[in-house]
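Numbering (the numbering used here), first residue to last: 764 to 1187. Beta carbons: idealized from backbone N, C-alpha and C, even for Gly. Only a predicted model underlies this, so the values are computations on that prediction, with no experimental measurement involved. Data block below; observations after.
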């Protein structure tokens, strides 16, 4: 095992778009920037949006979600998982309340409140990038085991059926491919021969997250904004370092298409535009198919950190690509799980080694966790203040085999739900 040198780009902090599950005084929540209110006359039967609330923090909303059938919502895994391996926990269902049928989050009634009964995390969810390096015949071979916020998908089951509420239509794998081909063509046409100052408006994002580029205050009312689909190959080139490609966006040439990207379509003010922001994590992005049907194509996940926090015209936001997971989503939301919590494999692996967990209760996870079981106290290291959890300053994960190692000690993650105040 040996130390790896990282380029400046790889020191970028990845910001996820949710608000803290275990809230503390030094955490803020996130929002849709540059958008407008969803029509207040929208009937409940067409309202498929849901909000996750933390029962241990005054039922404060911390992430978005979408209703996918009568008793299940779809959200981002990082919303309900705190930590990257050591001491990682999945939020206990008893700590989660789902609100649905609302446009204004300030005034929930009893009929809008649903208790979570089960939390199911995608088995391959990975909050951090992990690189495996092996030496064969004096030659170093590098393999990217997982990228940042890979497979950022989770399901939550509630205690009773959603009655007379809307349900989203999820894009299938084939539908996603057709939609993305069309949207990529729209991008190319708009930017040929020179980049346009008004990109295509072909993606819609919804959420209760931050409405300012500083990401400082959540919105009480549901917002929506138009975004521009940013082709994944260009997103890969924009975000990734040539020294260590694939740490955030998987190489699209290899066909590992687990994420989508967007950029603001047009400058609104001060060189910024519409964007998802802190607090929007777990919520949806939509695109239309060739028949004009609105399909959920992504789940708000994260973006590289910088100034402004949200709304940058050049730094893409990224999303879990729904079409890659539709079969898994449908299969797991069509049955009642055997256990209240279905953790990702990295937590199961840690549990086998005596660390990690899936419980509720405990103390505040240091104010940075989106999670969940409370599993621990503040790590006490000021250098960790912008990380996904209080104990991920050393977030490289060793892999089996001599000479192999986990990377990312310098790539600090920040889930859009998990920004600390000192960043704003």
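No Cβ-Cβ contact shorter than 7 Å links residue 1093 with residue 1061.
Residue pairing by DSSP places residue 867 opposite 984 in a beta bridge. Excluding its 5 nearest sequence neighbours in each direction, residue 937 has no C-beta neighbour in its own chain below 7 Å.
For residue 818, same chain residues with a beta-carbon under 8 Å away, outside a window of 5 residues either side, are 857, 858, 859 and 860 in chain order.
Rounded to whole angstroms, the gap between the alpha carbons of residue 1089 and residue 956 is 36 Å.
Counting along the chain, residue 998 sits inside the alpha helix (DSSP H) bounded by residues 995-1002.
Nearest Cα to residue 908 within the set 1063, 1031 and 1011: 1011.
Straight-line spacing of the CA atoms in residue 1019 and residue 1013 works out to 6 Å. Runs of the beta strand (DSSP E) lying entirely within the region 1001-1061 and spanning at least 3 residues, in chain order: 1022-1026 and 1047-1051. Beta-bridge pairing by DSSP links residue 964 to no other residue. Taken atom to atom, the span from the alpha-carbon of residue 1042 to that of residue 964 is near 22 Å.
According to the DSSP assignment, residue 898 belongs to the beta strand (DSSP E) that extends over 893-899.
Assignment of residue 803 by DSSP, reduced to helix, strand and coil, places it in the coil class. Look at residue 841 here: in three-state DSSP terms it is helix. Residue environment analysis places residue 901 among the exposed positions, since fewer than 16 neighbouring C-beta atoms fall within 10 angstroms of its C-beta.
The DSSP-derived three-state label of residue 913 is strand. The beta-carbon distance between residue 1035 and residue 968, rounded to whole angstroms, is 15 Å. This is too long to meet the 8 Å contact definition.
In the DSSP assignment, residue 814 falls within the unbroken beta strand (DSSP E) covering 812-817. Classified as exposed, residue 1099 has fewer than 16 neighbouring CB atoms from the shown chains inside 10 Å of its CB.
Residue range 936-953 is occupied by the alpha helix (DSSP H) that includes residue 942, with no beta strand (DSSP E) assigned at that position.
The C-alpha of residue 1030 lies about 29 Å from the C-alpha of residue 915. Following the DSSP letters along the chain, one finds residue 1089 inside the alpha helix (DSSP H) bounded by residues 1089-1095. Using a Cβ distance threshold of 7 Å, residue 962 and residue 1028 count as a contacting pair. For residue 887, same chain residues with a beta-carbon under 8 Å away, outside a window of 5 residues either side, are 909, 913, 914, 1107 and 1108 in chain order.
Contact between residue 1064 and residue 1049 fails: their C-beta atoms lie close to 15 Å from each other, not under 8 Å. For residue 876, the enclosing beta strand (DSSP E) has its first and last residue at 876-884. Secondary structure note for residue 1082: its beta strand (DSSP E) is the uninterrupted segment 1080-1084. Boundaries of the beta strand (DSSP E) harbouring residue 827: 823-832, taken from the DSSP string. Secondary-structure assignment with DSSP links residue 1063 through a beta bridge to 1082.
Here residue 892 is buried. Its C-beta has 16 or more other C-beta atoms within 10 Å.
Listed in chain order, the non-local C-beta contacts of residue 1071 below 6 Å within the same chain comprise 976 and 1035, local neighbours out to five positions each way being set aside.
Closest in C-alpha terms to residue 813, from the list 990, 928 and 942, comes 928.
DSSP places residue 849 outside both helix and strand once states are collapsed to three, so it counts as coil. Residue burial is scored here from C-beta neighbours: residue 824 has at least 16 other C-beta atoms within 10 angstroms and is therefore classed as buried. DSSP places residue 1109 within a helical segment (H, G or I) once states are collapsed to three. In this structure, residue 890 lies away from residue 998, with their beta-carbon atoms at least 7 Å apart.
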